[in-house]
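Participant: Sequence order for the protein chains is W and Z.
Per this note's numbering, the very first residue in the first sequence carries number 3; after that it's consecutive.
Per this note's numbering, the very first residue in the second sequence carries number 1028; after that it's consecutive.
Using N, Cα and C, we set each Cβ at its ideal position, and we do this for glycine too.
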Amino acid sequence: MSTKELRQGMGSGVSRRALLQAGAGLAGGALLPISLSMPVYAADHPAIGTYPDGSSGSSVFIGIAVPRTGTYAVQGEDELKGWQLAVEHINSGHELIKKISPKTTKGVLGKEVKIGVADSAAKPNEAVQAQQRFITENKAVLLTGATSSAVAVATNKLAQREKVLYVAGISGSNDTTGKDCVRYGFRQNFFGQTAAAAIAPVLVKQFGKNKKAAYLTPDYTYGHTVTKAMQDHLAEAGWTTVTNQVSPLGAPDYSSYLLNVVNSGADVLMNVNWGHDAVLSIQQAKQFGVLDKMKLVVPYQVPFVARETGGLMQGVYAATDYWWTIEDKYPLAKMFNDTFSKKYGYKPEWGAENAYISFAHWARMVEETGSFYPPDVIKTYEKGETIPSFVGDVHYRPEDHQCVRPVIIVKGKMEKDMKNKEDYYDIVEIVPGDGLMQKPDAFGCHLGDYT
Amino acid sequence: MINWPNFVSQLFNGLALGALLALISSGLTIIYGTLGVLNLAHGAMFMIGGYAGYVAFEYTHSFTAAVIAGSLFVMVLGVVMERVIIRHFYQRPHEDQLLVTFGLGICFVEIVRLLFGSQSQMVPPPPLFQGITSLGFMFYPTYRLAVVGIVAVALGTLFIVLYRTRLGMIVRAGIEDSVMVDSLGINVYRVFMIVFGIGAMAAGFAGIVNAPVVSLTPGVGDDILVETFVVVVIGGVGSFPGAILGGLIAGEIISVTSMFNPSYAYVMLFAAMTLVLVLRPHGLLGTQGRE
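Here it is as structure tokens:
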């Protein structure tokens, strides 16, 4: 409970109306137990979702559902480290978190942040079940985790229904803040539209106009929207799609898809697959000689793909949320890289960056609101205030709750040019976010109600 | 891409894919056919074969050593598993057998994840089989061609063991009537242990042979287990020739369907399995098993 709320509830600030309500509750006895337990909140902040129960003690709880097994396990573990580091920094009042959330001292509004972690395996139903438990049993004030847009969309809906805030983890689908957006959901990271808008001009400049592209697309919302965004943006330069190979998430073999690609006459292979699917399909593309026939592009970069594919990303263009060498330009990125690598022994990839900054932004919004009351926290996000991040200043759009932030275009370094074992990419361009965003209603976003 | 060259390519690829599926499925079907135990840890044993081979490769840089290590390690693991746990479940209901093997599979996967992490590991194919080979009508990874040969030899060896040796005769008799085999003075439980070891070795062998094709992750066996079950159901539960036939059919269905519409490849595979279950509930070459 915040100082402000304490004053409202217990001190001389108790309103006449609240006293009347409390009296009515006493008179009602067992018939109206709820009015006994929290009449004071009803005055300004009626109970909603897990509020006020979730923030009435000395700590608040965040539910995390992240893939720790399955196709996206590697990326999920990286994200989890980002969240854990953010919570550690929030609870200790670390210097880095204060740069993003200046009012943070220790905890959020003085309350220690605790987390619960569940393995979603990137499956929507498992994620939703875990989050429902966190809401019911732990009174979670915030939900997070995705790494699959199918999970993000499902958790969006849960968050809106249960009136608990949700900050998406990695989610690349246009739908997350498009047709499946919700009032209670926010996304920090880049997505299909911004990735395509950022990388398409680079590809046209590099490979020319009127090229033929083959796509490898995972069969769910992320894959379909990223592929469509790339097709739309490249069509302006006369690029055509000669084949689109749609495969299930976690496909154990890509040989039949790659045969279709190799026989398609494409100039460029757009690999939209993600996680281990991306690793396996790139390795098998090499085995089938696809990479000798056409250029590989990864429009939505996959954390750890360079180290897992053993040199196959050399010379490959990709769009990403974050690459650690931008620390030369952004001091906060350097601080983050240093603290992260000191704790975990490697440079953070963009899953960890997105995770950390999502929590840092949430902490800032709650501190600025001065309360955990979700509708008020949402309204603070919706002010669209310019706030710091590891890629410079950013802001959240009130219309769809998407963070407007730069997209970074990278190109895989040749081995001889790598300065150290984690120096996998050159930064080609940092494309400002404002010019990449679609119109707020372009993807059919209707946020829904506050209460 | 519907055209003649692509059709021929997909047909050939289906054969190669099917050969791998047949190899993986053979271990599963031998164990079920003989012991009546549906081993849900089979995918995990396939994965362990890959990792054991990977470790051997890291030390020796020899693919042959990796194949031997992967196969033998999983065979020993299978024997230990049978002696310590599985044999107590022969007389128990199938549900118990499913649960215990399912649990073992989870343990194996998590132990490997603990030891190696979730990032994928690579075992390169032997130098002789690296690169791409022209078949005239298509280019195809040389190692995948070699795998067709390796699988043919392995399945041939298994066939000889099962159909041309005294041990194989006992095993097949055990499939038909284990009580009768026992009453003839043959220690049927010792045979069961050997069979479990052979089935496990087949999984381990498939795991390391498959490693250069798929790259290793702790979940690699989970992905393949579902396909393996489909293969076994199509071919006939407990039938060794059925596993080979089922593998080839599954490989062709996945490959050829993907030429018309890749997103229907797995739908068609399950549709085929459903059709087989409706028309021939025991699979194309299946028997009723020990019951």
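Please state the DSSP three-state secondary structure of W:Val-430.
Facilitator: Against the first sequence, residue 430 of chain W aligns to sequence position 428. Of the three classes helix, strand and coil, the one that applies to W:Val-430 here is strand, per DSSP.
Participant: If I measure Cβ to Cβ from Z:Val-1241 and keep anything under 7 Å in the same chain, skipping five residues before and after, which residues do I get?
Facilitator: Taking the first residue of the second sequence as 1, we reach residue 1241 of chain Z at position 214. So the qualifying residues of the chain are Val-1247.
Participant: Decide if W:Gly-386 is buried, meaning its Cβ has at least 16 other Cβ atoms within 10 Å, or exposed.
Facilitator: Numbered from its first residue, the first sequence carries residue 386 of chain W at position 384. Burial call: exposed.
Participant: Label W:Ala-198 either buried or exposed according to how many other C-beta atoms from any shown protein chain fall within 10 Å of its C-beta, with 16 as the threshold for buried.
Facilitator: Position 196 of the first sequence, counted from the first residue, corresponds to residue 198 of chain W. Buried, by the Cβ-count rule.
Participant: Would W:Ala-170 pass as a contact of W:Ala-154 if the rule is Cβ separation under 8 Å?
Facilitator: As a first step, residue 170 of chain W must be located in the first sequence, where it is residue number 168. As a first step, residue 154 of chain W must be located in the first sequence, where it is residue number 152. In this structure, W:Ala-154 lies closer than 8 Å to W:Ala-170 by Cβ.
Participant: Would you mind working out which of W:Lys-295, W:Val-264 and W:Ser-175 sits nearest W:Asn-275, comparing C-alpha positions?
Facilitator: Numbered from 1 along the first sequence, position 273 holds the residue referred to as residue 275 of chain W. With distances taken between Cα atoms, W:Asn-275 lies closest to W:Ser-175.
Participant: Quick check on this structure: which residue in W:Gln-303, W:Leu-334 and W:Met-337 has the alpha carbon closest to the alpha carbon of W:Ala-321?
Facilitator: For the purposes of this step, residue 321 of chain W is identified with residue 319 of the first sequence, where counting begins at 1. W:Ala-321 has its Cα closest to that of W:Gln-303, out of W:Gln-303, W:Leu-334 and W:Met-337.
Participant: For W:Ala-67, list the residues DSSP reports as bridge partners.
Facilitator: Taking the first sequence and counting its residues from 1, one reaches residue 67 of chain W at position 65. Paired residues: W:Ala-120.
Participant: Return the chain-ordered list of same chain residues with a C-beta closer than 8 Å to the C-beta of W:Glu-238, the five sequence neighbours on each side being excluded.
Facilitator: The residue labelled residue 238 of chain W in the question sits at position 236 within the first sequence. Only Ala-202 meet the Cβ criterion.
Participant: Need the endpoints of the alpha helix (DSSP H) that W:Asn-140 sits in, please.
Facilitator: Numbered from 1 along the first sequence, position 138 holds the residue referred to as residue 140 of chain W. Its alpha helix (DSSP H) spans residues 126-140.
Participant: Let me know the secondary structure DSSP gives Z:Met-1286 once reduced to three states.
Facilitator: Along the second sequence, one-based indexing puts residue 1286 of chain Z at 259. Correct three-state label for Z:Met-1286: helix.
Participant: For a contact defined as C-beta to C-beta under 7 Å, what are the partners of Z:Ala-1277 on chain W?
Facilitator: Counted from its first residue, the second sequence places residue 1277 of chain Z at position 250. In chain order: nothing, as chain W lies at least about 11 Å away.
Participant: So, using beta-carbon positions, are W:Ala-88 and W:Ala-129 closer together than 8 Å?
Facilitator: Counting from one through the first sequence, the residue named residue 88 of chain W turns up at place 86. Counting from one through the first sequence, the residue named residue 129 of chain W turns up at place 127. No, Cβ-Cβ distance for W:Ala-88 and W:Ala-129 is not below 8 Å.
Participant: Buried or exposed: where does Z:Tyr-1190 fall if 16 or more other Cβ atoms within 10 Å of its Cβ makes it buried?
Facilitator: On the second sequence, position 163 is the one that residue 1190 of chain Z refers to. Exposed, by the Cβ-count rule.
Participant: DSSP three-state label for Z:Ile-1159, please.
Facilitator: The residue given as residue 1159 of chain Z occupies position 132 in the second sequence. Looking at Z:Ile-1159 - three-state DSSP - the assignment turns out to be strand.
Participant: Could you work out which residues of chain Z lie near W:Pro-305, taking near to mean beta carbons separated by less than 7 Å?
Facilitator: By one-based count along the first sequence, residue 305 of chain W stands at place 303. The contacting residues do not exist; W:Pro-305 stays about 11 Å from chain Z at best.
Participant: Relative to the C-alpha of W:Leu-111, which candidate in W:Thr-371, W:Gly-312 and W:Gly-180 has its C-alpha closest?
Facilitator: Indexing the first sequence from 1 puts residue 111 of chain W at position 109. Of the listed residues, the one whose Cα sits closest to W:Leu-111 is W:Thr-371.
Participant: Measure the CB-CB distance between W:Gln-99 and W:Ala-357 and report whether it falls below 8 Å.
Facilitator: Taking the first sequence and counting its residues from 1, the one referred to as residue 99 of chain W is at position 97. Taking the first sequence and counting its residues from 1, the one referred to as residue 357 of chain W is at position 355. For clarity, residue 99 of chain W is Ile in the given sequence; the question names Gln instead. Contact flag unset, no.
Participant: So W:Leu-144 is in the beta strand (DSSP E); what residue range does that whole segment cover?
Facilitator: Taking the first residue of the first sequence as 1, we reach residue 144 of chain W at position 142. Unbroken beta strand (DSSP E) run through W:Leu-144: 144-146.
Participant: Taking a contact to mean a Cβ-Cβ separation below 8 Å, would you say Z:Leu-1038 touches Z:Glu-1279 in this structure?
Facilitator: Within the second sequence, the letter at position 11 stands for residue 1038 of chain Z. Within the second sequence, the letter at position 252 stands for residue 1279 of chain Z. It is a contact, given that the beta carbons lie within the stated cut-off.
Participant: State yes or no: is the beta carbon of W:Asn-273 nearer than 8 Å to at least one beta carbon in chain Z?
Facilitator: Translated into positions along the first sequence, residue 273 of chain W becomes position 271. Not one chain Z Cβ lies under 8 Å of W:Asn-273.
Participant: Under 8 Å: do the segment 1296-1307 of chain Z and the segment 1092-1110 of chain Z share three or more Cβ pairs, one atom per stretch?
Facilitator: No: fewer than three Cβ pairs fall under 8 Å.
Participant: Could you please tell me which residues of the segment 61-74 of chain W, in chain order, have their CB closer than 9 Å to any CB of chain Z?
Facilitator: Correct list: Arg-70, Thr-71, Gly-72 and Thr-73.
Participant: So, is the C-beta of Z:Arg-1317 closer than 8 Å to a C-beta in chain W?
Facilitator: Reading the second sequence from its first residue, position 290 is the one you call residue 1317 of chain Z. In this predicted model, Z:Arg-1317 has a pLDDT of only 43, less than 50, meaning its place in the structure is not dependable; the value taken from the coordinates is given anyway. Not an interface residue.
Participant: Can you give me the Cβ contacts of Z:Phe-1116 inside the same chain, cut-off strictly under 8 Å, excluding the 5 residues immediately before and after it?
Facilitator: Along the second sequence, read from residue 1 onward, the residue named residue 1116 of chain Z stands at position 89. Counting only Cβ-Cβ distances below 8 Å, and skipping sequence neighbours, we find Val-1064, Asp-1123, Gln-1124 and Val-1127.
Participant: Measuring alpha carbon to alpha carbon, tell me which of W:Val-406, W:Tyr-186, W:Trp-326 and W:Tyr-452 ends up nearest W:Glu-424.
Facilitator: Locating residue 424 of chain W in the first sequence gives position 422, where the first residue counts as 1. W:Glu-424 has its Cα closest to that of W:Trp-326, out of W:Val-406, W:Tyr-186, W:Trp-326 and W:Tyr-452.
Participant: Go ahead and pull the three-state DSSP assignment for W:Val-153.
Facilitator: As a first step, residue 153 of chain W must be located in the first sequence, where it is residue number 151. Helix, per DSSP.
Participant: So with Cβ pairs under 8 Å, would you call W:Gly-313 a contact of chain Z?
Facilitator: Position 311 of the first sequence holds residue 313 of chain W. False, the Cβ-Cβ gap to chain Z never drops below 8 Å.
Participant: For W:Val-307 and W:Phe-192, what's the separation of their Cα atoms in angstroms?
Facilitator: Here residue 307 of chain W is taken as the residue at index 305 of the first sequence, counted from 1. Here residue 192 of chain W is taken as the residue at index 190 of the first sequence, counted from 1. If I take the Cα positions, the gap works out to 18 Å.
Participant: Would you kindly work out how many angstroms separate the C-alpha atoms of W:Gly-2 and W:Leu-314, rounded to a whole number?
Facilitator: An answer regarding residue 2 of chain W cannot be provided, because it is not within the stretch 3 to 453 covered by chain W.
Participant: What is the residue span of the alpha helix (DSSP H) that W:Val-300 lies within?
Facilitator: By 1-based counting over the first sequence, the position of residue 300 of chain W is 298. Taken as a continuous stretch (DSSP letters only), W:Val-300 belongs to no alpha helix (DSSP H), being part of the beta strand (DSSP E) at 297-300.
Participant: Counting only Cβ-Cβ distances shorter than 7 Å, please list the residues of the segment 118-143 of chain W near chain Z, keeping chain order.
Facilitator: Cβ contacts with chain Z: none found.
Participant: Counting only Cβ-Cβ distances shorter than 7 Å, please list the residues of the segment 210-233 of chain W near chain Z, keeping chain order.
Facilitator: Cβ contacts with chain Z: Asp-221.
Participant: Note down, in chain order, each residue of its chain lying with its Cβ closer than 6 Å to the Cβ of W:Glu-310, except the 5 sequence neighbours on either side.
Facilitator: Working through the first sequence from its first residue, we reach residue 310 of chain W at position 308. Result list for W:Glu-310: Val-281, in chain order.
Participant: For the beta strand (DSSP E) that W:Ser-249 lies in, which residues bound it at each end?
Facilitator: For the purposes of this step, residue 249 of chain W is taken as residue 247 along the first sequence, with counting starting at 1. Taken as a continuous stretch (DSSP letters only), the beta strand (DSSP E) holding W:Ser-249 covers 242-249.
Participant: Is W:Gly-27 buried or exposed, if buried means 16 or more other CB atoms sit within 10 Å of its CB?
Facilitator: On the first sequence, residue 27 of chain W is found 25 positions in, with the first residue counted as 1. Per-residue confidence for W:Gly-27 stands at a pLDDT of 42, beneath the threshold of 50, marking its modelled position as unreliable; the derived number appears in the next sentence. Classification for W:Gly-27: buried.
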